[in-house]
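Written out below as C-alpha cells is the structure these notes cover.
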Amino acid sequence: METVNLSYPLSENVVKRFAAPQVLALGQFDGLHLGHLSVIKAAASAAEEAGLPLAVMTFYPHPKEVMKKGDYDGYLTPPAEKERILRELGIDYFYVVEFNEEFSRISPEDFVSGMLLPLNIRTAVVGFDFHFGYKGAGDADMLRELGKAQFDVHTAPPFLIEGEKVSSSGIRKWLHEGRVDLAAGWFGRPYRLRGTVVNGEKRGRKIGFPTANVEPSEHFVLPTAGVYAVKARLEGNEEWLPGVMNIGVKPTFHEGVTKPSLEVHLFDFNSDIYGNVLTIQLISYIRPEQKFSSIDDLIAQIARDAETARKLLI
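Okay, here's the thing in C-alpha cells:
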C-alpha cells in the first residue's frame, strides 16, 4: 500500500502519477469499524470485478477538530493506526487529504472537479450517510450526479448488529461508559491505545505492582476512568502480554489533577521497557477509579483487580 498525502487542489505531479483508473472508497472512516469496513469491502469487490486498483480516501485532521464544533474528544483510529489496518486489508492507495479551514469552504462541485475527477475515479463507494463539501451540502445523490460523466457511485447500506446501526458516535458512547466489550463488537476487534513508556512516579514498584506509564502517541479517545483487563504488545514483538491498566488521575495520591494517565501492570513481567512503544488492547472494564483512605487498602484492591484480570485473560 502506498500512502499519499493530498491537498486541494491537486498538484500536476500528483495527477500525473495517480491518474490511472481506480476504484475509491470515500469517507472520514474514523474508527474503521465494521460499518466502515463494509464500505471498503464493497469497494474492494468493485475493484476486483473491474480489475482496477483499490484506493481509500480520508481526511486529516478530523473536520470536527479543525472547526472546533461539538464535543470532539479525539480519534478512535488515529492516522498511524488507520494506515496499519488498511495495509493489512491490502489497499493499493491510501489518500489522506489535508483538511483545514480553507478546504472546509470548498463546494461539493469543486471537490469533485478538483479532487476526484483528476484521479480518474471509475467507481466511488460511500456510506449511506456520506456528506461532503461546504456545510455538508453534498450527499451520495449529488456525488452521483456530479460524477455521472466519469464515475459511478455505489452507496453501502447501514451495517447493523442486533438491529442497531454501527457508528462512530455509538462506539464513543460505549467507550465513555467503559463498555469496551460492546465497542469491540462494533469495531470487529478490541479497542487499542498506543504510546511510549515514559518515566513515572515509580510508586507502583514500591508497592509491589510495577507499572508502565504510557504516553499516548496520538490523540486517542480515552475510555472512562477506571481499571481494565488488557493485553499489551511491545513494538517489534508478536506476543500479547496480559495485564491490568488504570486510566485516571490517581486520586489517592493527587488532588486537582485533570489530565488522565495510563498505567499498565503486566503480569509476570519485569523487563526495563522505558522508551519502548506499547500497543494496548482493552479487553474488559473491571471497576471505576476510586480514592482509597490508605495505601494498604489500595494495594489490596490492586491485588483483587489483578486476580480479576487474570481470570478474564488467562
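Heads up, the sequence shown is in the working numbering, so the first residue is 1 and it goes up one at a time. From the three backbone atoms N, C-alpha and C, an ideal C-beta is built for every residue, glycine too. Keep in mind it's a predicted model, so treat the numbers as computed, not measured.
| Item | Value |
| --- | --- |
| Own chain, CB closer than 8 Å to Val66, minus 5 neighbours either side, in chain order | Phe99, Asn100, Glu101 and Ser104 |
| Alpha helix (DSSP H) runs wholly inside the stretch 37–109, at least 4 long, in chain order | 63–67, 79–89 and 101–104 |
| Span separating the alpha-carbon of Val227 from that of Ala212 | 14 Å |
| Euclidean distance between Cα positions of Glu109 and Lys148 | 12 Å |
| Burial state of Phe159, where buried means 16 or more other Cβ atoms lie within 10 Å | buried |
| Paired residues, beta bridge with Thr196 - DSSP | Glu215 and Val277 |
| Cβ-Cβ distance between Leu182 and Thr224 below 9 Å | no |
| Stretch pair the stretch 273–285 + the stretch 228–245: three plus CB contacts closer than 8 Å | yes |
| Identity of the residues DSSP links to Thr224 by a beta bridge | None, per the DSSP bridge assignment. |
| Extent of the continuous alpha helix (DSSP H) to which Asp141 belongs | Ala140 to Gly147 |
| Assigned secondary structure, Tyr8 (DSSP; H/G/I helix, E/B strand, else coil) | coil |
| Which listed residue (Val97, Thr58 and Glu263) has its alpha carbon closest to that of Gly248 | Glu263 |
| Beta-carbon proximity list for His265, same chain, < 6 Å, skipping 5 on both sides | Phe209, Thr211, Gly243 and Val244 |
| Three-state class that DSSP yields for Glu177 in the structure shown | coil |
| Range of the contiguous beta strand (DSSP E) that encloses Ile121 | Ile121 to Gly127 |
| For Ala232, the residue or residues it bridges with in DSSP | Leu241 and Ile280 |
| Simplified DSSP state of Ala25, which is helix, strand or coil | strand |
| Minimum C-alpha distance to His131 - residue among Arg122, Leu117, Ile121 and Val112 | Val112 |
| Contact set for Glu177: own chain, Cβ-Cβ below 7 Å, skip 5 residues either direction | Thr224 |
| Contact belief for Met1 with Phe128 at Cβ below 8 Å, rounded distance in angstroms | Not really, about 26 Å apart at Cβ, beyond 8 Å. |
| Bridge partner(s) assigned by DSSP for Val153 | Ala124 |
| DSSP-derived helix/strand/coil call for Lys135 | helix |
| DSSP bridge partner residues for Ile314 (one or two, in chain order) | Note: Ile314 sits in no beta bridge, so no partner. |
| Unbroken beta strand (DSSP E) run spanning Glu266, endpoints | Looking at the sequence provided, one finds Leu at residue 266 rather than Glu. Leu266 -> beta strand (DSSP E) spans Ser261 to Leu266. |
| Helix, strand or coil at Asn270 according to DSSP, with G and I counted as helix | coil |
| Sub-9 Å separation of Ser217 and Gly35 beta-carbons | no |
| Spatial neighbours of Leu26 in its chain, beta-carbon cut-off 6 Å, leaving aside the 5 residues before and after | Met57, Ala124 and Val126 |
| Between the CA atoms of Leu86 and Ser11 - distance to the nearest angstrom | 25 Å |
| Reference Arg304, options Ile314, Ser294, Arg287 and Lys291, closest by Cα | Arg287 |
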